[in-house]
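J.: Provided herewith is a single structure, encoded as structure tokens, for subsequent inquiry.
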Amino acid sequence: CFYLYPTQSDQETPNSNLDKDPPIRRVVVQQARMFSTVCKVYAPMYRQVTYHGNQVTDSPDVEVAYASAKAGFQSYLKNYNKGRGFIMLGHSQGSAHTARLIDEMVDTNAKLRKRFIGAIAPGADIYVPKNKNIGGMYANVPACSEVGQYGCLIAYSTYKGDPGPTPAFSNLKTGYFPYPGGRPDPDKYEAVCTNPALLDGGNGVLSPLVNFDYLLTSPDSETEAPWQSQPDYYAASCERSATSHWLNISRVNEADSRPDLGSLVASGNNYHVPEVNLAEGNLLTIAGNWATGYQAEQARIARLEKKVKSLKGQLKKARKRLAADVKAAKKLGRKARKASGARKRLLLRKAKKAGKGAASERRKIKSLQRQIRNLQKQIG
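Our numbering puts the first residue of the sequence shown at 1037, with every later residue one more than the last.
Quick look at the structure:
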């Protein structure tokens, strides 16, 4: 997994250096650590836009951050990935850079796209045509729409109730949009909302996972605090209002007396900050299902490729036999033309036999070529 963390740096410059400051260590533990149960997590430092920088369309600060994140992704692919499938993870600013990496490096690269297992990138207003799962930012990478589907994108922005007329997220007209080239038409496009509480095979209930030592503060040293869940507390559904498209959360049971964990770090009804952890259990299940499906597909492809290799070996031998039969038939024909009587008849019979052998090999070659083409279509 390749993970890009959200805005955390409070350094005084517009872009951070690569120091592992406590707020960054905190959020990496809180959001990404549990994904190590599914994959090896590679989380490079990058020169993110700090709280003092400018995260708007075509901002130079964003371009510095993106170039740094891109260098990290290129290093990951070159030095750490070893040709395996990969999952991309991010949140907020990290999701925005992830979205651009998919656009520039994955979506248009068929070879790399075959290794792309999926992306989890909430809180960055990645967009599609209204009521569609593909188009907008990507031509080939869809928003996930089915349980078990991989090679797709999970994205959402979380609110507890209607986000209002000018929300900071979920709305292409007013929301967070640090991408180059200007905003898309909000009458034609909308922010992606994929519901992790359904795409994990569940019934629309979130599975929060929170480490309290890292939720509100940055510990001086790493701790071994247990992770806590809050099952059957939040229901989630994708909702629309005007030009907003968001993941709406509500209590499963209004009489539930347990505390609202998300509200500890939420801003009013904007649950942007805790939105990864509120769905962490669902996201882990989804990522695990992705990995299982991808591995099964790779095993299927390996079996087909083994068959193709065997058939190509047979094809090579058949072509050699064909060449030998054709050569023999021509040679015997030349000899027969110079011979007479019984010897000529013998040579003609042998030439005819060689010709039949050549015809048989041609049929075998056509059959083998047809089988190879069919298998290659199945491989894709």
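In this text, a Cβ means the ideal position worked out from N, Cα and C, and glycines have one as well. No experiment lies behind these values; they were computed from the predicted model shown.
1) If you run the structure through DSSP and keep just helix, strand and coil, what is residue 1133?
2) Would you mind giving the Cβ-Cβ distance between residue 1161 and residue 1227, rounded to the nearest angstrom? I have them listed as a contact below 8 Å.
3) Select from 1144, 1347, 1044, 1124 the residue whose C-alpha is nearest the C-alpha of residue 1190.
4) Since residue 1401 and residue 1351 are thought to touch, with beta carbons under 8 Å apart, how far apart are those beta carbons, to the nearest angstrom?
5) Classify residue 1236: buried if its beta carbon has 16 or more other beta carbons within 10 angstroms, exposed otherwise.
6) With respect to the beta strand (DSSP E) encompassing residue 1277, which residues constitute its N-terminal and C-terminal limits?
7) Less than 6 Å between C-beta atoms, sequence neighbours within five positions excluded: which residues of the same chain meet that for residue 1324?
8) Would you list the one or two residues that DSSP bridges to residue 1124?
9) Assuming residue 1090 and residue 1050 are in contact, meaning their beta carbons sit under 8 Å apart, how far apart are those beta carbons, in whole angstroms?
10) Provide the residue(s) that pair with residue 1241 in DSSP beta bridges, ordered along the chain.
11) Do the stretch 1335-1350 and the stretch 1262-1272 make contact, defined as three or more Cβ pairs closer than 8 Å?
12) List the whole-angstrom C-beta distance separating residue 1283 from residue 1194, where the pair is believed to meet the contact cut-off of C-beta under 8 Å.
13) For the alpha helix (DSSP H) holding residue 1326, just list the boundary residues, first then last.
14) Under the rule that 16 or more other beta-carbon atoms within 10 Å means buried, what is residue 1361, buried or exposed?
15) The alpha helix (DSSP H) with residue 1065 in it runs from where to where?
16) Spatial neighbours of residue 1130 within its chain, please: CB distance less than 6 Å, with the 5 preceding and 5 following residues excluded, ordered by chain position.
17) Can you tell me the Cα-Cα spacing of residue 1141 and residue 1072, whole angstroms?
T.: For this structure:
1) The answer is helix: DSSP assigns residue 1133 an H, G or I state.
2) Going by Cβ atoms, the distance from residue 1161 to residue 1227 rounds to 5 Å, so yes, they are a contact pair.
3) 1124
4) 6 Å
5) buried
6) Element bounds for residue 1277: 1270-1277.
7) 1074
8) Beta-bridge annotation (DSSP): residue 1124 is paired with 1038, 1155.
9) 7 Å
10) 1271
11) no
12) 5 Å
13) 1316-1374
14) Around the C-beta of residue 1361, 16 or more other C-beta atoms lie within 10 Å, and the residue is accordingly described as buried.
15) Note, residue 1065: premise wrong, no alpha helix (DSSP H); not H, not E.
16) 1040, 1041, 1042
17) 24 Å
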